[in-house]
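Protein chains in written order, with the numbering used here: chain C, 1 to 277; chain D, 278 to 566; chain V, 567 to 842.
Glycine included, C-beta positions come from ideal geometry on N, C-alpha and C.
Comments concern the structure below.
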Amino acid sequence: MNKHHTSPFTLGSVDEAQPCCVPAPQLEVRALSVSYGDRKVLDTVSLDIYRGCITALIGPSGCGKTSFLSAINRLTDMLPTAKVEGSVRFDDEEILNAGVDTLQLRRRIGMIFQKPNPFPLSIRRNLELPLREHGVRKPRERSERAEQALRDVGLWNEVKDRLGSSAMALSGGQQQRLCIARALVLKPEILLMDEPCSALDPMSSAVVEELITRLRGRYTIVIVTHNLAQAKRVANYAGFFWMTERVGKLIEFGQSQRLFDAPTHALTRAYISGVSG
Amino acid sequence: MILSKDSSLYHWNIDKALAPLLLLAGLACVAILLLIVLFLSREAWPVLANGGWRAFVADNGWYPLEGLFGLLPMLAASLAVMLGAIVLAGPVGLGCAIFLQFYAPQAVRKSFRLLLSLLAGMPSVVLGLWGLTVLVPLIAQWQPPGASLLAAILVLALMIVPTMALAGAAALSSVPADLISGAAALGMGARSRILYVAVPAARRGMLSGALLSMARALGETMVLLMVAGNVVQYPHGLLEPVRALTANIALEMAYATDLHRAGLFASGLLLTLLVLVLAWLAARSLRHD
Amino acid sequence: MTERLFTWTIWLSAALVAAALMWVIGDLFSLGAAHLSLDFLLSAPRDAGRSGGIGPILVATVLIIGVTLTVALPLGLMAAVWLAEFTVRGDALGNAIRLSLDVMAGVPSIVYGLFGNAFFSIYLGMGFSILSGGLTLACMVLPVFIRTSEMGLAAVSDAWRQGASALGMTRSAAIWHILLPAASPAIGAGIMLGIGRATAETAALIFTSGYVDRMPESLLDSGRSLSVHIYDLSMNVTGGDTAAHASALVLIALIIVFNLLAQWFTDRWLHRRQLA
């Protein structure tokens with residue numbers, strides 16, 4: 001399953017381990033609804049995200065999958081018209097409450113965007129700035145963690161001689177891996193990924209996908225993807241979203257093997273067979 | 278790990294202090310404008326309260342030490358200079374704009390733009406100096422005294438022509454290219470394409486540039502102080518000396534007291550009003566899309 | 567009008583403007599360059615400025631600009647950040663601030679001189695002083711600087727704001743470390759415009775910083791800026807023309823130097839903070 005020519009990753013292959021044999025829910029989402037102004041985009045979604053597993057969210061565009069992710073790390077706070085209702089419990093703590101420290105929350109739940117968005121700074125500063133903002137004072141510790149993160153995503157050898165150069169000069173795939181490293185450097189517990197490969201060329205896409213599989217077990221991953229084959233390849237759990245009456249809803253959720261091979265809902269069956277991976 | 282605000286892990290959020298501080302800075306700007314309006318009105322009040330505006334129009338001549346504040350001749354002079362300058366600088370500025378956009382070879386384009394920026398950045402006192410030492414004697418050779426409406430118009434036109442040219446060039450460059458190539462496909466020559474297609478399409482930006490230049494001409498002080506002659510009279514000839522409202526303020530502020538001073542402040546308010554009307558028209562002409 | 571005539575007219579208008587500029591600069595040089603010397607730049611004016619130099623006047627000019635920038639830059643940047651980052655379209659407060667700035671940008675400079683005289687010099691008791699002049703110029707320069715900086719910040723990609731937020735960075739950190747450096751070219755341009763306008767300004771200074779041509783010893787001393795000096799020499803001092811032309815050349819050079827400095831500042835410091 002893995003191509004074993006000189007792999008740049010230092011994360012060991014975790015296929016041998018049993019990451020998900022006794023899965024415990026890390027995120028419990030109950031009746032989550034998201035609206036922008038008076039336009040509802042997501043209606044009462046309930047599911048569990050299991051620790052250490054990769055959960056894929058599939059379905060056509062506009063079903064509220066991105067809004068789902070944004071609600072979890074409270075990025076919806078940035079939009080003045082956004083309204084989030086329901087409950088999201090992270091390690092048994094309600095994160096939708098007003099008193100929650102969102103800065104800490106976002107350290108523990110990282111996000112990767114569809115279009116790579118490294119800051120217009122040097123590669124080094126891209127990694128060390130978040131560390132500094134989260135209280136890592138010693139420069140030595142910052143550069144060690146930055147190096148480790150770059151090694152984890154397989155970028156170290158490619159960029160170690162030009163850490164001071166602009167991150168914008170990297171290729172698309174490298175930029176996305178840098179963004180993943182930037183999230184990893186904060187030692188998060190969950191990674192939210194919004195179609196991380198869709199803006200990349202096929203080769204970079206494959207590299208990033210392999211990186212994602214290697215993150216399994218060490219991190220919990222929620223990945224939104226249009227690529228059904230990719231979802232089938234990497235996910236332990238899958239949730240299928242669909243739009244009914246102009247609002248996004250969760251149609252079916254479960255272990256990905258079962259969902260893809262024997263979906264219970266007619267809509268799921270139609271979507272999976274109609275959109276060939 | 279506890280996520281709530283009461284947790285020892287919750288750090289003082291600098292953002293809480295940021296927004297109010299920044300808002301204060303923004304409000305300071307509004308405060309400055311209010312102060313300007315307040316203090317100008319305060320100083321001008323003695324004249325305004327006495328039914329002052331009527332004095333501006335009705336009084337026979339500007340003899341402030343005798344309580345006469347007829348400023349129509351000076352207002353007329355200011356307007357005459359402004360109109361003269363725009364009549365000169367308008368076509369020339371348009372020509373430069375067309376040159377910059379359609380005719381300048383690549384090598385020349387950058388230098389010409391630099392040249393225009395240099396002229397635009399020239400301090401008005403320096404242009405006034407040149408006008409005083411070179412232009413005025415030149416005109417005086419033709420007919421004394423030289424310091425005249427014409428001198429003011431010429432120097433002011435020189436001042437505003439770069440603004441017109443650069444604004445015009447910007448407006449022309451935002452005309453969609455297919456509009457012009459469509460005209461070419463219909464067999465229209467360069468002259469027709471530019472005059473009958475490009476310029477009309479760019480007229481809003483050009484009008485805005487012209488109005489802003491007029492506002493600048495109306496508010497200009499130093500050039501008028503130095504080359505216009507400073508005689509309070511209606512502009513009844515190009516070669517006659519005149520005194521603009523702006524120059525009047527600069528000349529008399531040094532020794533004006535009481536009602537006289539109030540009169541100067543009031544003329545300043547009038548000037549501001551006129552300039553703001555022009556600026557508002559300029560903004561409106563851009564918005565009419 | 568034929569095609570050829572049109573082309574000639576266009577070239578002619580461009581040549582006319584170029585020639586006019588050459589004429590002005592040429593005259594300035596021929597009438598004033600001879601008077602320039604190091605001594606001219608450093609020594610004090612003698613004989614009402616006909617001889618001697620412009621040393622104290624240069625100092626006063628730099629001090630006035632210094633006051634202007636010290637006040638306008640922080641205040642302007644903060645207001646620009648507020649407008650760009652903390653207001654949404656249709657925000658009443660934001661619109662009020664923007665409208666105020668647009669109105670302020672239209673007020674003629676002599677009227678700013680009147681205001682500065684009434685408020686800073688008289689009401690606040692600063693008299694004719696460098697402080698009064700600098701503060702008046704700061705009010706003049708603020709609107710354009712704020713609008714330019716605001717536009718620069720608004721143009722910065724939203725992806726970085728979202729990315730910074732997703733990493734749990736405070737908005738202050740995102741603004742300081744990412745957004746302001748990214749907007750630095752526009753901010754630098756705004757600074758250049760402000761300096762250019764302030765250095766060239768005369769009418770607003772005549773009744774706020776005054777006419778005194780001695781070396782200023784404090785910000786509360788009256789000081790004559792270079793532009794005011796040129797005006798005085800040419801209008802009030804017979805035989806002061808040569809010195810006036812030499813001063814004009816220095817003034818133009820000063821504006822060019824300030825612009826180059828601002829460009830350097832933008833490139834090296836603001837831009838460099840992004841890397842390494």
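Backbone CA spacing between residue i and residue j [nearest angstrom]
i, j, result
"D:Leu443", "D:Met483", "10 Å"
"V:Asp613", "D:Met503", "22 Å"
"D:Ala428", "V:Val794", "21 Å"
"V:Ser800", "D:Leu406", "7 Å"
"V:Arg655", "V:Tyr689", "38 Å"
"C:Ala231", "C:Leu191", "16 Å"
"V:Leu608", "V:Val625", "10 Å"
"C:Lys160", "C:Ile123", "10 Å"
"D:Gly408", "V:Met588", "14 Å"
"V:Ser698", "D:Pro382", "48 Å"
"C:Cys63", "C:Gly274", "17 Å"
"V:Trp574", "D:Ala308", "52 Å"
"V:Gly760", "D:Gly398", "11 Å"
"C:Ser166", "D:Pro297", "34 Å"
"V:Arg664", "V:Gly756", "16 Å"
"V:Ala585", "V:Val823", "24 Å"
"V:Asp605", "V:Pro611", "10 Å"
"D:Ile526", "V:Asn661", "33 Å"
Exposure label - residue i; buried when at least 16 CB within 10 Å
i, result
"C:Tyr50", "buried"
"D:Thr534", "exposed"
"D:Gly363", "The sequence given here has Ile at residue 363 of chain D, not Gly. The residue is buried, with at least 16 neighbouring Cβ atoms inside 10 Å."
"C:Asp15", "With a pLDDT of only 49 at C:Asp15, under 50, the local geometry of the prediction cannot be trusted, and no value is derived from it."
"V:Ala828", "buried"
"C:Glu245", "exposed"
"D:Val403", "buried"
"V:Ser603", "exposed"
"C:Gln349", "Absent from the structure is residue 349 of chain C, since the part of chain C shown begins at 1 and ends at 277."
"V:Ser784", "exposed"
"D:Ala332", "buried"
"C:Gly277", "Unreliable positioning characterises C:Gly277 in this predicted model, as indicated by a pLDDT of 36, which lies under 50. A coordinate reading is not provided."
"D:His513", "exposed"
"C:Gly301", "Only positions 1 to 277 of chain C appear in the structure, and residue 301 of chain C is not among them; the question remains open."
"D:Ala434", "buried"
"V:Met781", "exposed"
"V:Asp798", "buried"
"D:Leu391", "exposed"
Residues sharing a beta bridge with residue i, DSSP
i, result
"V:Gly806", "Paired residue(s): none; V:Gly806 is not in a bridge."
"C:Pro23", "DSSP, once it has assigned bridges, lists no residue as partnering C:Pro23."
"C:Gln255", "C:Tyr237"
"C:Met193", "C:Ile112, C:Ile223"
"C:Tyr50", "C:Pro25"
"C:Glu94", "C:Arg89"
"V:Ser596", "V:Ser596 is not bridged to any residue."
Boundaries (first-last residue) of the alpha helix (DSSP H) holding residue i
i, result
"D:Arg564", "535–564"
"V:Asn661", "658–672"
"D:Asn525", "522–529"
"C:Asp152", "139–152"
"D:Trp322", "291–326"
Limits of the beta strand (DSSP E) - the one that residue i falls within
i, result
"D:Lys387", "From DSSP, D:Lys387 is part of no beta strand (DSSP E) but of the alpha helix (DSSP H) over 383–398."
"V:Gly693", "Looking at the DSSP string, V:Gly693 is not in any beta strand (DSSP E), and its letter there is neither H nor E."
"C:Trp242", "237–244"
"C:Gly110", "109–112"
"C:Lys83", "82–90"
Given 8 Å, three or more beta-carbon pairs between the stretch 430–446 of chain D and the stretch 474–491 of chain D:
Cβ pair count under 8 Å is three or more, so yes.
Using a Cβ distance threshold of 8 Å, determine whether the stretch 289–307 of chain D contacts the stretch 519–536 of chain D, with at least three qualifying pairs required.
No, the stretch 289–307 of chain D is not in contact with the stretch 519–536 of chain D.
Touch test, the stretch 816–823 of chain V against the stretch 647–661 of chain V, Cβ-Cβ under 8 Å, three pairs minimum
Verdict: no, contact absent.
Below 8 Å, how does it come out for the stretch 741–750 of chain V and the stretch 696–707 of chain V: are there three or more Cβ pairs, yes or no?
The stretch 741–750 of chain V, when compared against the stretch 696–707 of chain V, does not touch it at the 8 Å Cβ threshold.
Taking three-plus beta-carbon pairs below 8 Å as touching, is the stretch 668–677 of chain V in contact with the stretch 768–780 of chain V?
At 8 Å Cβ cutoff, the stretches touch.
At least three beta-carbon pairs within less than 8 Å, the stretch 136–155 of chain C to the stretch 173–185 of chain C:
The stretch 136–155 of chain C vs the stretch 173–185 of chain C: in contact.
Below 8 Å, can you find three or more Cβ-Cβ pairs linking the stretch 729–743 of chain V to the stretch 626–635 of chain V?
No contact exists between the stretch 729–743 of chain V and the stretch 626–635 of chain V.
Check whether the stretch 92–107 of chain C touches the stretch 50–59 of chain C, counting contact only when three or more Cβ pairs, one atom from each stretch, lie closer than 8 Å.
These segments do not touch.
Cβ contact check for the stretch 447–455 of chain D and the stretch 512–530 of chain D: 3 or more pairs under 8 Å
Touching, no.
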